[in-house]
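Numbers 51 to 183, taken from our numbering, label the letters of the sequence shown in order.
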Amino acid sequence: MGPAFYGLRTTLLTLLLMALLRIKRPEHLKEKDPAAFGRLLGLDRAPEVKTLRRRLTRLAAQHCAEQLGAELARVRVDQRGHLMGFLYVDGRVRAYHGQRSITSNAYVARRHLAMPLGASALIALMPACFIAI
51 MGPAFYGLRT TLLTLLLMAL LRIKRPEHLK EKDPAAFGRL LGLDRAPEVK
101 TLRRRLTRLA AQHCAEQLGA ELARVRVDQR GHLMGFLYVD GRVRAYHGQR
151 SITSNAYVAR RHLAMPLGAS ALIALMPACF IAI
């Protein structure tokens with residue numbers, strides 16, 4: 051990316067703030083006040099949708115997302131390696147066949163109809179401690 055008013059830092063900060071504010075797509079920025087969103091970025095106004103889309107296209111064309119993720123993980127482990135651990139949570143939803151009545155139904159693809167569902171979770175504290183809920 052060449053020199054521009056909305057450079058890499060501003061683009062990434064915009065995407066970060068969008069994630070924190072639960073704005074799912076750049077098009078949804080049209081619903082926000084550009085001056086107020088720009089103040090969060092430290093600018094007079096937020097980038098327009100076409101500018102943000104153009105920057106995202108240029109970033110994606112470099113195919114460096116995996117390298118960026120690996121570098122961020124390496125820096126995080128270097129800074130806090132003694133505190134690092136892994137937590138694996140696997141949520142499962144299955145058809146409920148018990149005696150109690152359940153008010154919520156959901157579509158079960160195997161049966162092609164809506165049925166009461168139950169949920170369970172498997173939590174694994176690495177390396178080998180499993181907790182089923």
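Even glycine gets a Cβ: it sits at the ideal position worked out from N, Cα and C.
This structure is a prediction, so every number in the text was calculated from the model and none was measured.
Annotation for Gly131: no alpha helix (DSSP H) segment contains it, and DSSP assigns it neither H nor E. Taken atom to atom, the span from the alpha-carbon of Glu116 to that of Val99 is near 25 Å. In the three-state reduction of the DSSP assignment, Pro97 falls in the coil class. If you draw a straight line from the Cα of Ala85 to the Cα of Thr107, it comes to about 24 Å. Rounded to whole angstroms, the gap between the alpha carbons of Leu93 and Val127 is 33 Å. Within a 10 Å sphere around the beta-carbon of Phe55 sit fewer than 16 other beta-carbons, which makes this residue exposed.
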